[in-house]
DNA sequence: GCCAATGATATCCTAAAATATATCAAATCG
DNA sequence: CGATTTGATATATTTTAGGATATCATTGGC
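Residue numbers (my numbering), protein chains in the order written: chain B, 5 to 95; chain P, 5 to 95.
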C-alpha cells in the first residue's frame with residue numbers, strides 16, 4: 005500500500021487505542037463492521053475518503069491538506085508516543 | 005456529499021488553478037482521465053484515499069491528520085482570508 | 001469567423017471497497 | 001479454569017470508484 009495511506013491509518017489506529025476504543029466499539033460509533041476497520045488499520049484496502057473522515061472524527065482527528073513543499077512544521081498527530089524503541093508486536 | 009470532502013476537493017481544485025494546470029494537464033500528470041477529475045472536483049464521487057493523495061501531491065499538497073478538538077491553529081492551505089491580524093502568526 | 005482548449009456529462013466495463021456474517025486464536029478477567 | 005473480549009480473516013453479495021471514450025457547450029485566441 006502507498007505508505008502515505010499507511011501513515012494515515014496508523015495514526016487513526018493509534019488515536020483509537022489512545023481513546024480506549026475497541027475496533028468493535030469504534031465500528032458501532034461509526035456504523036461500520038469491525039472487520040472493515042481491521043482491514044483499514046492493516047492497510048489491506050484503499051478506503052474512500054468519506055470512510056477515513058468518519059473514522060478520523062470518531063477519534064477526534066480531522067483530515068486536512070497542507071502545503072507539501074513547505075517544511076513539516078506543525079505536522080499532525082504524528083509521533084503518537086515518542087521514540088519508543090524496538091519490539092512491541094501488537095497482538 | 006459530505007462537505008468535509010467537498011472542502012478537500014475544493015482545496016485541491018484551487019491549488020490546481022493556482023498552478024495553472026488544466027484538468028487534462030493534471031490528469032496527464034497523475035495518469036487519470038480528465039473526466040474523473042471533473043467528477044472529483046464537483047464532488048460527484050467519493051474518491052479513494054490513494055486518488056486524493058495523488059492529486060494532492062501533484063499540486064504540492066499533502067493529506068494529513070490533525071487534532072480536531074484543538075483549535076484550528078495552523079490549519080491548512082485553508083486560510084479563507086490570509087493571516088489576518090489576530091495574534092498567532094503561524095509560525 | 002474558425003479553431004483549440006477547457007470543463008461537464010454520458011456510457012460501458014472492470015476493479016475494488018463496503019456490507020453482512022461467521023469463525024477462530026489469542027488475550028484478559030473474574 | 002471457563003467466559004468474554006478483541007482483532008484477524010474468509011466468503012458471498014452489493015455498491016461504487018475508476019478507466020476508456022466520446023460528445024458538447026463555452027471560452028479565448030488569432
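We put the CB at the ideal spot given by N, CA and C, even for glycine.
Inset, instruction - Name, please, each residue of chain B whose Cβ falls closer than 8 angstroms to the Cβ of residue 52 of chain P. - result: Ordered by position in chain B, the residues that pass the 8 angstroms Cβ test against residue 52 of chain P are 50, 51, 52 and 53.
Legend entry - Nearest to residue 28 of chain P (by Cα), restricted to the options P/7, P/56 and P/40: Looking at P/7, P/56 and P/40, the one whose alpha-carbon comes closest to that of residue 28 of chain P is P/40.
Legend entry - Strand pairing of residue 63 of chain B, partner residues [DSSP]: Answer is none; residue 63 of chain B lacks a bridge partner.
Inset, instruction - Kindly indicate if chain P contains any beta-carbon less than 8 angstroms away from that of residue 34 of chain B. - result: Closer than 8 angstroms: no.
Legend entry - residue 7 of chain B beta carbon less than 8 angstroms from that of residue 6 of chain P: Cβ distance not < 8 angstroms, so residue 6 of chain P and residue 7 of chain B don't count as in contact.
Inset, instruction - With 8 angstroms as the threshold, decide whether the Cβ of residue 20 of chain P is near any Cβ in chain B. - result: Not a single C-beta of chain B is nearer than 8 angstroms to the C-beta of residue 20 of chain P.
Legend entry - residue 172 of chain B at chain P interface by Cβ criterion, 8 angstroms: Here chain B has residues from 5 to 95 only, and residue 172 of chain B is not among them.
Inset, instruction - Mind listing the chain B neighbours of residue 6 of chain P? Cutoff is C-beta to C-beta under 7 angstroms, in chain order. - result: For residue 6 of chain P, the residues of chain B that pass the 7 angstroms Cβ criterion are 54 and 57, in the order they occur in the chain.
Legend entry - 8 angstroms Cβ cutoff, residue 30 of chain B in contact with chain P: Judged by the 8 angstroms Cβ criterion, residue 30 of chain B is not in contact with chain P.
Legend entry - Reference residue 30 of chain P, options P/70, P/64 and P/47, closest by Cα: It is P/64.
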